[in-house]
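Notes to accompany the following structure.
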Amino acid sequence: MEPMSGIAQSAYAKLYESWQEDPEAFWARAAQAIDWYQPPDHVFDAKAGAYGRWFEGATCNTCHNAVDRHVAMRGDQPALIYDSPMTGSKRAISYRELRDEVAALAAVLQDLGVGKGDRVIIYMPMIPEAVMAMLACARIGAIHSVVFGGFAAKELATRINDAHPKAILAASCGLEPGRIISYKPLLDGAIELATSKPEACLVFQRPEGEASLDKPWDHEWQAAVAGAKAAGRAADCVPVAATDPLYVLYTSGTTGKPKGVVRDNGGHMVALAWTMENHYGIKPGEVFWAASDVGWVVGHSYIVYAPLLHGCTSIIYEGKPVGTPDAGAFWRVIAEHGVVSLFTAPTAFRAIKKEDPQAKLLADYDLSHFRTLFLAGERADPDTVQWAERILGVPVIDHWWQTETGWPIVGNPVGIGMLPVKHGSPSVPMPGYDVRVLDEDGKEVGPNEMGAVVIRLPLPPGALPTLWHAPERFHESYLAAYPGYYSSSDAGFKDEDGYIFIMGRTDDIINVAGHRLSTGGMEEVLAGHPAVAECAVIGVKDALKGEVPCGFVVLKSGIIEPVETIEKELVGLVREKIGPVAAFKLAVTVPRLPKTRSGKILRATMKKIADRDEWTPPATIDDPAILDEIGEALKNKGVI
């Protein structure tokens with residue numbers, strides 16, 4: 001890749017070139033930020049794994065690097081600040097306190113039979129104990145898999161069956177504005193559905209909704225940890241191979257079956273530690289806030305691991321950008337806790353803008369210490385970015401990455417030296433990523449030409465080496481389409497300056513408020529209704545959430561139940577089976593679905609109609625008149 005015209009003399013260009021010239025030397029320097037029990041034999045082994053492995057032969061421990069090593073220098077500094085407008089609770093936890101809590105919890109896990117290499121599912125809301133659970137697993141070499149708190153029992157069961165956890169760590173409930181979500185019935189239902197049963201469930205009792213611990217495998221978190229402390233039990237950090245898994249995080253798959261993204265210990269630490277100063281421009285000791293959830297990759301990388309590896313203070317926020325209590329919630333947290341940088345999804349700022357378009361509530365808070373807003377998780381539309389720039393008066397940085405990569409692929413390196421912002425673009429590739437745009441034949445296209453956005457192999461440290469127990473699926477999902485490249489499943493283009501523009505997905509994953517969800521999984525639920533003959537789900541543009549799902553259903557002949565009743569039932573089914581996060585509220589009954597002559601449903605054309613984009617009937621369509629029926633149905637629903 002040639003240095004980018006117009007920015008060729010920038011600090012970024014020089015750093016990127018230094019990576020290109022000697023990737024192993026680049027990452028060897030970055031690895032000096034990490035404590036190793038045994039340094040790597042060599043930085044990169046091209047013959048290992050699907051595309052090579054980083055830091056082969058090294059041993060390390062992620063919990064030691066994130067917690068223990070900071071105690072001597074910054075033991076009294078807050079590692080975590082918990083702020084919950086849902087409960088009115090606030091709590092600062094120092095690095096020393098965090099170490100002691102995590103060591104006691106890790107000892108409890110050992111007492112429950114959890115050891116190195118065992119899997120532990122974590123099913124918790126945004127409370128400090130969720131972070132402690134992740135770190136406790138890392139401490140003893142267990143592999144954690146966090147499932148978004150409140151996910152439906154069926155979805156949780158699929159993850160239990162894939163991970164085969166020795167234990168599950170859960171909370172008794174989660175909180176949403178105006179309601180309490182009991183987790184224990186969902187957990188019990190998932191275990192009942194699952195063919196793989198955990199040996200133990202450790203449940204943190206929240207006073208807002210305590211659970212009945214009536215199963216033989218149930219244990220109360222508070223009592224167990226108190227017992228470990230009374231007995232003087234504190235687990236030591238267990239050395240693991242740099243290439244051993246730290247966690248498995250499930251992401252939506254095009255088949256409806258989730259994919260278990262594997263993250264290793266060594267490369268993950270090196271990459272995340274590098275990003276904090278170089279990409280995000282954060283110094284040790286500063287307060288960084290990623291307004292996400294530990295159920296998502298942003299929560300893993302930038303609520304838990306990266307800030308703690310770097311010696312920062314990280315915010316755990318249990319609330320919403322609006323409604324808890326108002327659209328000034330984010331400004332309060334930033335002002336009150338001295339946040340220098342916020343990372344959130346564009347959806348959050350669209351919600352704030354909708355509620356308080358003039359940002360009048362901002363005047364109530366002192367944000368003079370606040371330096372940067374980072375947006376990711378979905379495309380940051382220029383209107384939202386420019387609104388945030390206007391009201392905050394600080395750089396607003398869009399960046400692009402995926403669950404699979406674990407850290408930014410494309411961004412604007414604040415710590416190295418900011419490049420000019422181009423609205424609509426997350427900017428330029430980070431060192432480690434050779435980003436190309438290819439046509440259907442795998443040939444690179446010219447500037448400003450749309451194509452498949454891919455990354456030339458090998459992927460850098462921190463990116464997934466494989467899928468959990470599914471190497472064939474890993475190859476098929478990411479490597480097969482363009483040999484020698486990782487396929488991002490995103491479409492976009494590169495301009496004449498080398499800036500990347502991501503325009504949409506190339507598969508059936510839709511992005512709802514930063515959450516990647518499979519339309520295939522939703523179709524499976526709709527198809528399970530006894531009145532439904534066939535169905536198709538598409539993502540429709542939404543001003544607030546980016547995209548929302550819309551389900552088209554064709555009913556079986558002879559159905560006498562009112563259409564409105566069936567549509568209401570379908571909305572309820574998706575909510576039950578997938579969860580509220582799907583934001584599924586629109587079921588549209590149509591007489592038939594548009595298809596090609598070979599029977600393929602024309603989802604892309606349906607999406608264009610729903611989005612009010614220009615469209616023409618594909619040459620392969622069986623009956624063009626069906627598209628007019630789709631448009632009429634959408635008009636009747638007020639979509640177009």
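Residue numbers (the UniProt record's numbering): 1 to 640.
Just so it is clear, CB atoms sit at the ideal spot from N, CA and C, and this is done for glycine as well.
Quick one: residues in its chain with C-beta nearer than 7 Å to the C-beta of Arg206, no 5 flanking neighbours on either side, listed in chain order? In the sequence shown, residue 206 corresponds to position 206, counting from 1. Cβ within range, chain order: Ala171, Ser172, Cys173.
Mind checking who Ser288 pairs with in its DSSP beta bridge? Position 288 of the sequence shown, counted from the first residue, corresponds to residue 288. It should be pointed out that residue 288 corresponds to Phe in this sequence rather than to Ser. DSSP lists Ser314, Ser341 as partners of Phe288.
Under 8 Å by Cβ, that's how I've got His310 and Pro346 pegged, so tell me the actual separation to the nearest angstrom. Numbered from its first residue, the sequence shown carries residue 310 at position 310. Numbered from its first residue, the sequence shown carries residue 346 at position 346. No, His310 and Pro346 are not in contact; Cβ-Cβ is about 25 Å, not under 8 Å.
Check whether the segment 227-235 and the segment 106-114 touch, using three or more Cβ-Cβ pairs below 8 Å as the test. yes
Rounded to whole angstroms, what's the CA-CA distance from Gly579 to Glu155? Just pull it up for me. Position 579 of the sequence shown, counted from the start, is the residue given in the question as residue 579. Position 155 of the sequence shown, counted from the start, is the residue given in the question as residue 155. Here the C-alpha atom of Gly579 lies approximately 9 Å from the C-alpha atom of Glu155.
Which stretch, first to last residue, makes up the alpha helix (DSSP H) that contains Asp111? The residue you call residue 111 lines up with position 111 of the sequence shown. Its alpha helix (DSSP H) spans residues 95-111.
Cβ separation of Val248 and Val238, assumed to be a contact under 8 Å, to the nearest whole Å: In the sequence shown, counting from the first residue as 1, residue 248 sits at position 248. In the sequence shown, counting from the first residue as 1, residue 238 sits at position 238. Going by Cβ atoms, the distance from Val248 to Val238 rounds to 18 Å, so no, they are not a contact pair.
Please state whether DSSP places Thr347 in a helix, a strand or coil. Mapped onto the sequence shown, residue 347 falls at position 347. Thr347 falls in the helix class under three-state DSSP.
If you draw a straight line from the C-alpha of Met1 to the C-alpha of Ser10, how long is it? Indexing the sequence shown from 1 puts residue 1 at position 1. Indexing the sequence shown from 1 puts residue 10 at position 10. Residue confidence is low: Met1 scores 39 on pLDDT, short of 50, so the model does not pin down where it sits. Its coordinate-derived value is still stated next. Rounded to whole angstroms, Met1 to Ser10 spans 16 Å at the Cα level.
Under the three-state DSSP convention, the category Val238 falls into: Position 238 of the sequence shown, counted from the start, is the residue given in the question as residue 238. If DSSP states are grouped into helix, strand and coil, Val238 belongs with coil.
Bridge partners - Gln38, DSSP secondary structure assignment: In the sequence shown, counting from the first residue as 1, residue 38 sits at position 38. Its beta-bridge partners are Thr59.
Across the segment 134-148 and the segment 178-185, are there enough close Cβ pairs to call them in contact, namely three or more that are closer than 8 Å? no
Spatial neighbours of Ala633 in its chain, beta-carbon cut-off 6 Å, leaving aside the 5 residues before and after: In the sequence shown, counting from the first residue as 1, residue 633 sits at position 633. Correct list, in chain order: Val588, Val590.
Here's the rule I'm using: 16 or more other beta-carbon atoms within 10 Å means buried, otherwise exposed. How should Ser5 be labelled? Here residue 5 refers to the residue found at position 5 of the sequence shown. Because the pLDDT of Ser5 is 49, which lies under 50, any placement of that residue in the model is unreliable, and the question is left without a value.
Which listed residue (Glu547, Arg436, Ala72, Thr405) has its alpha carbon closest to that of Pro461: As a first step, residue 461 is located in the sequence shown; it is residue number 461 there, counting from the start. For the set Glu547, Arg436, Ala72, Thr405, the Cα lying nearest the Cα of Pro461 is the one of Thr405.
Is Lys229 close to the ligand GDP? I mean its beta-carbon at under 7 Å from any heavy atom of the ligand. In terms of ligand content, the structure shown is empty, and the ligand GDP therefore cannot be addressed.
Contact between the segment 501-514 and the segment 534-551: three or more CB pairs below 8 Å? yes
Expressed to the nearest angstrom, what Euclidean distance is found between the alpha-carbon atoms of Ala291 and Gly52? As a working note, residue 291 is residue 291 in the sequence shown. As a working note, residue 52 is residue 52 in the sequence shown. Each residue's Cα considered, the two are about 33 Å apart.
Look at the alpha carbon of Leu552 and the alpha carbon of Ala152, and state the distance between them as a whole number of angstroms. Working through the sequence shown from its first residue, we reach residue 552 at position 552. Working through the sequence shown from its first residue, we reach residue 152 at position 152. Note on identity: in this sequence residue 552 is Phe, with Leu being the wrong assignment. Going by the C-alpha atoms only, they are around 23 Å apart.
Proximal residues to Pro618 (C-beta, below 8 Å), its chain only, five neighbours per side dropped: As a working note, residue 618 is residue 618 in the sequence shown. So the list reads Thr596, Leu602, Thr605, once near-sequence residues are dropped.
Can you tell me which of the three DSSP states Asn278 falls into? Counting from one through the sequence shown, the residue named residue 278 turns up at place 278. In the structure shown, Asn278 sits in a helix (DSSP, three-state: H, G or I).
Is Met503 helix, strand or coil when you go by DSSP? Numbered from its first residue, the sequence shown carries residue 503 at position 503. Met503: strand per DSSP, three-state reduction.
Taking the Cβ atom as the reference point for each residue, do Ile81 and Ile282 lie within a distance shorter than 8 Å? Along the sequence shown, read from residue 1 onward, the residue named residue 81 stands at position 81. Along the sequence shown, read from residue 1 onward, the residue named residue 282 stands at position 282. Contact: no.
Among Glu199, Asp35, Thr158, whose alpha-carbon lies nearest the alpha-carbon of Gly260? In the sequence shown, counting from the first residue as 1, residue 260 sits at position 260. For the residues Glu199, Asp35, Thr158, the minimum Cα distance to Gly260 belongs to Thr158.
Of the residues Tyr478, Asp441, Asn448, the one placed nearest Leu457, counting alpha carbons only: Here the question's residue 457 lines up with position 457 in the sequence shown. Residue Tyr478 is the option with its Cα nearest to Leu457.
Should Ala200 and Ile160 be called a contact, given that it needs their Cβ atoms to be closer than 8 Å? Here residue 200 corresponds to residue number 200 of the sequence shown, with the count starting at 1. Here residue 160 corresponds to residue number 160 of the sequence shown, with the count starting at 1. Not closer than 8 Å, so no.
Can you give me the Cβ contacts of Lys197 inside the same chain, cut-off strictly under 7 Å, excluding the 5 residues immediately before and after it? As a working note, residue 197 is residue 197 in the sequence shown. Cβ neighbours of Lys197 beyond the five flanking positions: Ile191.
Can you tell me which of the three DSSP states Ile630 falls into? One-based indexing of the sequence shown puts residue 630 at position 630. Helix at Ile630.
Apart from the five residues on each side of it in sequence, which residues of its chain come closer than 7 Å, Cβ to Cβ, to Met418? Counting from one through the sequence shown, the residue named residue 418 turns up at place 418. Taken in chain order, the residues that qualify are Pro395, Asn412.
Proximity to Trp36 [Cα-Cα], best of Lys47, Asp45, Ala58: Sequence index remark: in the sequence shown, residue 36 carries index 36 (1-based). Nearest option by C-alpha distance: Ala58.
In the DSSP assignment, the beta strand (DSSP E) including Ser145 goes from what residue to what residue? Within the sequence shown, residue 145 is the residue found at index 145, counting from 1. Ser145 -> beta strand (DSSP E) spans 143-146.
Close-in-space but distant-in-sequence residues of the same chain around Arg96 (CB under 6 Å, 5 per side omitted): Against the sequence shown, residue 96 aligns to sequence position 96. Once the five neighbours on either side are set aside, the close Cβ partners of Arg96 are Val71, Gly75.
Alpha helix (DSSP H) segment containing Ser18, residue limits: Locating residue 18 in the sequence shown gives position 18, where the first residue counts as 1. Looking at the DSSP string, the run of the alpha helix (DSSP H) that includes Ser18 is 11-21.
Backbone CA spacing between Gly323 and Ala167 [nearest angstrom]: Along the sequence shown, one-based indexing puts residue 323 at 323. Along the sequence shown, one-based indexing puts residue 167 at 167. Cα to Cα, Gly323 sits roughly 35 Å from Ala167.
In three-state terms, what does DSSP make of Ser427? Here residue 427 refers to the residue found at position 427 when the sequence shown is read from its first residue. Strand at Ser427.
Judging by CA-CA distance, which residue of Met522, Gly528, Ala79 is the nearest neighbour of Ile538? The count along the sequence shown starts at 1 and reaches residue 538 at position 538. When only C-alpha atoms are compared, the closest one is Met522.
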